[in-house]
Amino acid sequence: MTVAAATDLTAGTWAIDPVHSSINFSVRHLMVSKVRGSFETFSGAITVAEDGTPSVSATIDVNSINTRNEQRDAHVRSADFFDADNHPTATFVSTGVRPDGDDYIVDGDFTLKGVTKPVSLKLEYNGVNPGMGQGAVAGFEASVVLNRKDFGIDIDMPLETGGTVVGDKVTITLEIEALKQA
Numbered sequence: 010m011t012v013a014a015a016t017d018l019t020a021g022t023w024a025i026d027p028v029h030s031s032i033n034f035s036v037r038h039l040m041v042s043k044v045r046g047s048f049e050t051f052s053g054a055i056t057v058a059e060d061g062t063p064s065v066s067a068t069i070d071v072n073s074i075n076t077r078n079e080q081r082d083a084h085v086r087s088a089d090f091f092d093a094d095n096h097p098t099a100t101f102v103s104t105g106v107r108p109d110g111d112d113y114i115v116d117g118d119f120t121l122k123g124v125t126k127p128v129s130l131k132l133e134y135n136g137v138n139p140g141m142g143q144g145a146v147a148g149f150e151a152s153v154v155l156n157r158k159d160f161g162i163d164i165d166m167p168l169e170t171g172g173t174v175v176g177d178k179v180t181i182t183l184e185i186e187a188l189k190q191a
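Going by the working numbering, the letters in the sequence shown line up with residues 10 to 191, in that order.
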């Protein structure tokens with residue numbers, strides 16, 4: 010059974026609605042708490058083939074990071090972290106979608122700071138709604154935990170008491186509304 014057959018996603022392109030979507034992250038800070046942030050500028054689409062096979066692509070403007078602290082955001086955009094001057098975007102291109110109980114796993118290639126690695130996002134499909142005059146709207150929630158060092162973000166700022174200022178594991182969560190394109 011295809012993903013589209015198990016859902017009510019019809020064939021065609023579903024564009025991510027950035028006004029009603031979010032890309033958020035959290036990472037351990039000082040080993041005792043977490044810093045949370047978001048990316049304000051992104052785009053993407055879910056394409057469902059006539060046979061029901063879906064594919065996903067997305068682009069994130071890493072310069073749009075927002076952790077509610079401009080000094081920290083500027084540091085994260087620097088070569089120590091994203092190197093946004095040389096790598097202004099992160100991208101995801103799916104390689105497959107498979108059922109996982111009532112949810113799905115979206116496998117794909119994630120590129121950040123010029124490094125591409127395979128990742129698997131846990132996806133919850135929330136259904137389709139006829140929308141409010143703009144056409145059909147599909148909803149999704151997804152998450153993945155990445156190791157920042159896998160993507161060349163290997164800055165270590167050791168603490169005197171052990172550990173580092175920034176944790177290695179970064180949890181990314183997505184809340185997505187996608188609009189069916191004509």
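Note that beta-carbon positions come from the ideal geometry of N, C-alpha and C, so glycine has one too.
Nearest C-alpha to V137 among K122, A93, K189: K189. L130 has V115 as its beta-bridge partners, per DSSP. F160 is a Cβ neighbour of F119, given a cutoff of 9 Å. Taking S129 as reference, the option from A20, N33, P108, A93 with the minimal CA-CA separation is P108. Within the same chain, and ignoring the five residues on either side of M40 in sequence, the residues whose Cβ sits closer than 6 Å to its Cβ are G172. Using a Cβ-Cβ distance cut-off of 8 Å, the segment 68-75 and the segment 38-54 are in contact, since at least three pairs of beta carbons, one from each stretch, lie closer than that value. Taking S87 as the centre and dropping the five residues before and after it, the same chain places the C-beta of A93 closer than 8 Å to its C-beta, in chain order. Ranked by Cα distance from R37, the options L155, V65, E186, D116 are led by L155.
V175 counts as buried, since at least 16 other C-beta atoms from the protein chains shown sit within 10 angstroms of its C-beta. In the DSSP assignment, V85 falls within the alpha helix (DSSP H) that extends over 79-86. Boundaries of the beta strand (DSSP E) around I181: 175-189.
Under the three-state reduction of DSSP output, N72 falls in the helix class.
For P108, the enclosing beta strand (DSSP E) begins and ends at 98-109. Burial state of L168 is exposed, judged by a 10 Å Cβ sphere holding fewer than 16 other Cβ atoms.
Residue burial is scored here from C-beta neighbours: P127 has fewer than 16 other C-beta atoms within 10 angstroms and is therefore classed as exposed.
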